[in-house]
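Notes follow once the structure below has been shown.
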Amino acid sequence: MPSILLERSDPTPSFTHKPTDTPIPGARQSAFAGKVALITGSESGIGRATAFALGEAGARLVINGLSDERLAQTERLLRAEGYPVVRCVADVTQFDACQRLVDTAIDTYGQLDILITNASISMRAYFADMQPDVFQRVLDSNVYGTVYPLKAALPHLIESRGSVTFISSISALNGMPSGSAYCAGKAAISNLAHTLRLELAHTGLHIGVVHLGFTKNDTTKRVLDANGQPVPIAYRSPRWQKTQEQVAQLILGHIRRRRQRTVVSGLGKLIAFVHTYLPRLGDWIVRQSMRRLRHFYE
Ligand SMILES: NC(=O)c1ccc[n+]([C@@H]2O[C@H](COP(=O)([O-])OP(=O)(O)OC[C@H]3O[C@@H](n4cnc5c(N)ncnc54)[C@H](OP(=O)(O)O)[C@@H]3O)[C@@H](O)[C@H]2O)c1
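Using UniProt numbering, the first residue of the sequence shown is number 1, and each one after it goes up by one.
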């Protein structure tokens with residue numbers, strides 16, 4: 001089993017929590033007071049911002065990641081804000097590790113109300129160039145990194161009539177060049193959510209998917225190239241990007257309203273609309289952009 005820890009130049013990047021200056025109108029975050037929330041992949045990025053938002057809203061937190069050093073730093077920052085938090089290093093593509101992660105929540109707080117499967121590895125490579133094991137690593141992190149935490153947490157979430165949110169992408173709604181395994185994994189978990197909603201409707205458990213659009217990333221974020229080497233993410237125009245804090249508030253709004261599906265951003269909704277109702281036009285636009293905006297994909 002190859003290590004899926006992506007190397008980073010700075011193992012403990014500095015991070016300052018900035019509460020969003022544009023709170024979601026009508027958000028009543030007291031719905032989270034006292035709830036126990038487990039967020040996978042929350043040592044950095046959107047998962048960390050979501051942990052801060054949930055802490056601010058009164059939730060008790062279980063944070064997770066692959067690096068104890070980065071996780072401990074995030075835990076310190078959360079504690080400094082006065083939020084109850086426990087950390088657990090666990091590779092979410094391994095079922096035993098997920099069982100340990102859920103046990104940490106139960107041993108610490110005695111209950112589990114909210115699961116957010118956020119951990120993921122992304123990629124930047126055309127399918128024809130990709131090593132098969134790299135495809136598998138990206139797919140596994142998005143599929144089993146969602147399936148295994150939920151499988152371990154399910155009895156507790158059913159008991160609390162809690163909430164599960166799969167963090168997906170607008171690229172699950174349509175294909176995206178240079179993202180084959182990532183798009184396939186994100187699309188798979190949408191279908192999984194639908195199946196589970198049907199199977200578990202009688203339990204009162206909320207199961208939803210949030211399709212995120214372009215978000216400002218940590219400068220240290222890395223994705224895999226065709227050979228499995230960590231590389232910076234491809235260029236995205238800053239004007240298309242939401243902040244991590246804005247995205248975190250949207251995730252909280254999705255959970256609070258127990259929505260089945262949230263597509264984030266006007267651009268995300270436009271992409272979803274075009275690919276659903278005008279798919280040939282959508283493909284034409286993407287092919288044009290592949291010629292004119294190579295740096296967007298490569
Ligand atoms: N950023 C965007 O523009 C965007 C757009 C659409 C969707 N999304 C989705 O939003 C979510 C968060 O993205 P992000 O941008 O915040 O990514 P990120 O900065 O790379 O954070 C992902 C986190 O997941 C952790 N992780 C990866 N594999 C793991 C594993 N097997 N077990 C445990 N933890 C693991 C990473 O740990 P390490 O740091 O140790 O690697 C990292 O802390 C992902 O599901 C992503 O697909 C993001």
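All C-beta atoms, glycine included, are put in the ideal place defined by N, C-alpha and C.
These numbers were taken from a predicted model, which means no experiment stands behind them.
| message | On the criterion of 16 or more Cβ atoms from any shown chain inside 10 Å, does residue 276 qualify as buried, or is it exposed? | response | Locating residue 276 in the sequence shown gives position 276, counting from the first residue. Residue 276 comes out exposed.
| What's the C-alpha gap between residue 83 and residue 286? | By 1-based counting over the sequence shown, the position of residue 83 is 83. By 1-based counting over the sequence shown, the position of residue 286 is 286. Whole-angstrom Cα-Cα distance: 44 Å.
| said: Does any residue of chain D have a CB that is nearer than 7 Å to the CB of residue 123? | reply: Within the model displayed, chain D is absent; a lone protein chain is all it includes.
| task | Look at residue 165 and residue 204 and say whether their C-beta atoms are less than 7 Å apart. | result | In the sequence shown, the residue the question calls residue 165 occupies position 165. In the sequence shown, the residue the question calls residue 204 occupies position 204. No, they are not a contact pair.
| task | Compute every distance between the C-beta of residue 91 and the non-hydrogen atoms of ligand 1, then say whether any falls below 6 Å. | result | Stepping through the sequence shown from its first residue, residue 91 is reached at position 91. Yes, Cβ of residue 91 sits closer than 6 Å to a heavy atom of ligand 1.
| task | Would you be able to state if there are at least three C-beta pairs under 8 Å between the segment 178–195 and the segment 131–146? | result | yes
| query | Does DSSP put residue 59 in a helix, in a strand, or in coil? | reply | By 1-based counting over the sequence shown, the position of residue 59 is 59. Three-state DSSP puts residue 59 in coil, outside helix and strand.
| query | Under 7 Å, do residue 210 and residue 251 count as touching if we go by C-beta distance? | reply | Along the sequence shown, read from residue 1 onward, the residue named residue 210 stands at position 210. Along the sequence shown, read from residue 1 onward, the residue named residue 251 stands at position 251. Yes, these two residues count as a Cβ contact at 7 Å.
| query | For the alpha helix (DSSP H) that contains residue 135, what are its first and last residues? | reply | Reading the sequence shown from its first residue, position 135 is the one you call residue 135. Run containing residue 135: 132–159, per the alpha helix (DSSP H) assignment.
| request: Identify whether residue 214 lies in helix, strand or coil by the three-state DSSP scheme. | output: Residue numbering aside, residue 214 sits at position 214 when the sequence shown is read from its first letter. Coil at residue 214, not helix or strand.
| field | N- and C-terminal bounds of the alpha helix (DSSP H) containing residue 276 | value | Residue mapping note: residue 276 aligns to position 276 of the sequence shown, counting from 1. Its alpha helix (DSSP H) spans residues 266–277.
| query | CB of residue 75 to nearest heavy atom of ligand 1: below 6 Å? | reply | Counting from one through the sequence shown, the residue named residue 75 turns up at place 75. Because no heavy atom of ligand 1 lies under 6 Å away, the Cβ of residue 75 does not count as near it: no.
| request: Would you identify the three-state DSSP class for residue 169, choosing helix, strand or coil? | output: Translated into positions along the sequence shown, residue 169 becomes position 169. Here residue 169 sits in strand by DSSP.
| field | Distance between residue 247 and residue 141 (C-alpha atoms, nearest Å) | value | For the purposes of this step, residue 141 is identified with residue 141 of the sequence shown, where counting begins at 1. For the purposes of this step, residue 247 is identified with residue 247 of the sequence shown, where counting begins at 1. Those two C-alpha atoms are separated by around 21 Å.
| Taking the alpha carbon of residue 298 as the point to measure from, which residue in 268, 256 and 235 has its own alpha carbon closest? | Here residue 298 refers to the residue found at position 298 when the sequence shown is read from its first residue. Among 268, 256 and 235, the Cα nearest to that of residue 298 belongs to 235.
| request: Tell me residue 262's beta-bridge partners as DSSP assigns them. | output: Within the sequence shown, numbered from 1, the residue matching residue 262 stands at position 262. 210.
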